[in-house]
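Everything below concerns the one structure shown next.
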Amino acid sequence: GQQVMQIPQYQHVQEGEDFTTYCNSSTTLSNIQWYKQRPGGHPVFLIQLVKSGEVKKQKRLTFQFGEAKKNSSLHITATQTTDVGTYFCAGRRSSGDKLTFGTGTRLAVRP
Amino acid sequence: DGGITQSPKYLFRKEGQNVTLSCEQNLNHDAMYWYRQDPGQGLRLIYYSQIVNDFQKGDIAEGYSVSREKKESFPLTVTSAQKNPTAFYLCASSFQLAGGGDTQYFGPGTRLTVL
Chain C
1 GQQVMQIPQY QHVQEGEDFT TYCNSSTTLS NIQWYKQRPG GHPVFLIQLV
51 KSGEVKKQKR LTFQFGEAKK NSSLHITATQ TTDVGTYFCA GRRSSGDKLT
101 FGTGTRLAVR P
Chain G
1001 DGGITQSPKY LFRKEGQNVT LSCEQNLNHD AMYWYRQDPG QGLRLIYYSQ
1051 IVNDFQKGDI AEGYSVSREK KESFPLTVTS AQKNPTAFYL CASSFQLAGG
1101 GDTQYFGPGT RLTVL
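Same order as they appear, the protein sequences are chains C and G. Quick note on the numbering used here: the first sequence kicks off at 1 and runs consecutively. Quick note on the numbering used here: the second sequence kicks off at 1001 and runs consecutively.
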C-alpha cells in the first residue's frame, strides 16, 4: 500500500535556527497537505499543494511540492518557541483515494 | 458554532471492559475517521466512513468496531479483544473522502487509559 515517510523523526533546534522536514511517498501523489499538532493537542490543517513544483508561503513557513509529485518539504525560517509540535504531511494517490498521513516530524525549540 | 467534538477528554477503564468513544460533528461532512496515536508516534487509521451506513477498516482495525447510523456521529468501540488499548484517540471529518474536499478537521481527542 501507499507509504508516506517523513524525515527526520525528531529535531531539536535553537530558537532562531531554521528547520526543514521532508515528506517522501512511494507513489505519485495528486495532492499534499500539511498539518501541525501542538503538544497535547490535535492536528490542525496548514496548507494544501496540488501542482507539480508548487511553492507556497505562510509567514516564516515555506511549503514545496516536488516536480515528480512524490515528495514535499516544509521549511521554517528562524524558528520560535511557538513552532514547537509535530508536523505531518498527508497525501492522496489519486482523485478517488483517501488521504494517507506521514509518520510525522517532532520539532523541539530551545529558547 | 461548527466543529467536531469528542467526549470525554480522559477515560479510564478496567481491563476486559468494552468502552465506546463518542465523536460528533456539525460540519455537514460526509466522511469521518478514527485514528490512534501512541506517545511520540504518528497517526494510525483505525476505521473510516465515506457515507452514512458505510464504513471501512483502516490499517489497525482489529479489536475495534464502529457504526455510522447518522451523518453527524461516528462512535468507536474499543473491545476487550484490543490487546493494547491505552492510547490517544482522534476523530476527524472531511467534506469528502477524496477529491477537493478531503481536508480533515480533527476533534480534541480522547485519552484512554486501561488499568
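In this text, a Cβ means the ideal position worked out from N, Cα and C, and glycines have one as well.
Check your understanding: Any C-beta of chain G sitting closer than 9 Å to the C-beta of C:R110?
Key -> Indexing the first sequence from 1 puts residue 110 of chain C at position 110. Not one chain G Cβ lies under 9 Å of C:R110.
Review point. Looking at C-alpha atoms only, which residue of C:G91, C:Q9, C:A108 is the closest neighbour of C:N71?
Key: For this step, residue 71 of chain C is matched to residue 71 along the first sequence. Minimum Cα distance to C:N71 is reached at C:G91.
Review point. DSSP puts C:I47 in a beta bridge; with which residues?
Key: Position 47 of the first sequence, counted from the first residue, corresponds to residue 47 of chain C. Bridge partners of C:I47: C:W34.
Review point. Quick one: is C:A78 buried, meaning 16 or more other Cβ sit within 10 Å of its Cβ, or exposed?
Key: Here residue 78 of chain C is taken as the residue at index 78 of the first sequence, counted from 1. It counts as exposed.
Check your understanding: Shortest alpha-carbon distance to C:I76 belongs to which of C:W34, C:Q64, C:F19, C:V13?
Key -> Stepping through the first sequence from its first residue, residue 76 of chain C is reached at position 76. Closest by alpha carbon: C:F19.
Check your understanding: Which bits of chain C does G:T1005 rub up against, with CB to CB less than 9 Å?
Key -> Indexing the second sequence from 1 puts residue 1005 of chain G at position 5. Under the 9 Å cutoff, chain C gives no residues; its nearest Cβ is about 11 Å from G:T1005.
Point to revise | Selected residue, minimal CA-CA separation from G:G1058, among G:G1101, G:L1076, G:N1028, G:P1008 | key: Numbered from 1 along the second sequence, position 58 holds the residue referred to as residue 1058 of chain G. Among G:G1101, G:L1076, G:N1028, G:P1008, the Cα nearest to that of G:G1058 belongs to G:L1076.
**Study point:** Spatial distance of C:V50 from G:S1080 (CA atoms)
**Key:** In the first sequence, counting from the first residue as 1, residue 50 of chain C sits at position 50. In the second sequence, counting from the first residue as 1, residue 1080 of chain G sits at position 80. The straight-line gap from Cα to Cα measures roughly 42 Å.
Point to revise | Alpha-carbon to alpha-carbon, C:V13 and C:G102 | key: Working through the first sequence from its first residue, we reach residue 102 of chain C at position 102. Working through the first sequence from its first residue, we reach residue 13 of chain C at position 13. About 21 Å.
Review point. So, are the CB atoms of C:L74 and C:T21 less than 9 Å apart?
Key: Taking the first residue of the first sequence as position 1, residue 74 of chain C is located at position 74. Taking the first residue of the first sequence as position 1, residue 21 of chain C is located at position 21. Yes, the pair counts as a contact, with Cβ atoms nearer than the cut-off.
Point to revise | Sequence-distant residues of its chain with Cβ nearer than 6 Å to C:V55 (five each side left out) | key: Residue numbering aside, residue 55 of chain C sits at position 55 when the first sequence is read from its first letter. If we look at C:V55 and ignore the five residues flanking it on each side, its Cβ neighbours are Q64.
Exercise for review: Compile a chain-ordered list of the residues in the region 82-97 of chain C whose CB is closer than 9 Å to at least one CB of chain G.
Suggested key: T86, F88, A90, R92, S94, S95, G96, D97
Exercise for review: Could you give the DSSP three-state label for C:D18: helix, strand or coil?
Suggested key: Taking the first sequence and counting its residues from 1, one reaches residue 18 of chain C at position 18. Coil at C:D18, not helix or strand.
Practice item. Could you tell me which residues DSSP puts in a beta bridge with G:A1031? Key: Residue numbering aside, residue 1031 of chain G sits at position 31 when the second sequence is read from its first letter. Per DSSP, G:S1094.
Review point. To the nearest angstrom, how far is it from the Cα of C:A68 to the Cα of C:T28?
Key: Locating residue 68 of chain C in the first sequence gives position 68, where the first residue counts as 1. Locating residue 28 of chain C in the first sequence gives position 28, where the first residue counts as 1. Their backbone Cα atoms lie some 7 Å apart in a straight line.
Point to revise | Residues of the region 1096-1114 of chain G whose Cβ lies closer than 9 Å to any Cβ of chain C, in chain order | key: L1097, A1098, G1099, G1100, D1102, T1103, Q1104, Y1105, F1106, G1107, P1108, G1109
Review point. Who are the Cβ neighbours of G:T1005 in its own chain at under 7 Å, not counting the five residues just before and after it?
Key: Here residue 1005 of chain G is taken as the residue at index 5 of the second sequence, counted from 1. Contacts found: E1024, G1107.
Practice item. Please state if the CB of G:Q1041 and the CB of G:Y1047 are separated by a distance shorter than 9 Å. Key: Here residue 1047 of chain G refers to the residue found at position 47 of the second sequence. Here residue 1041 of chain G refers to the residue found at position 41 of the second sequence. Against a cut-off of 9 Å, the Cβ pair of G:Q1041 and G:Y1047 comes out as no contact.
Review point. How about C:F88 and C:Q37: are their beta carbons less than 9 Å apart?
Key: Counting from 1 along the first sequence, the entry for residue 88 of chain C is found at position 88. Counting from 1 along the first sequence, the entry for residue 37 of chain C is found at position 37. Their beta carbons are under 9 Å apart, which means C:F88 touches C:Q37 by this criterion.
Check your understanding: Based on the DSSP output, what are the partners of G:D1054 in its beta bridges?
Key -> Within the second sequence, residue 1054 of chain G is the residue found at index 54, counting from 1. According to DSSP, G:D1054 bridges with G:I1051.
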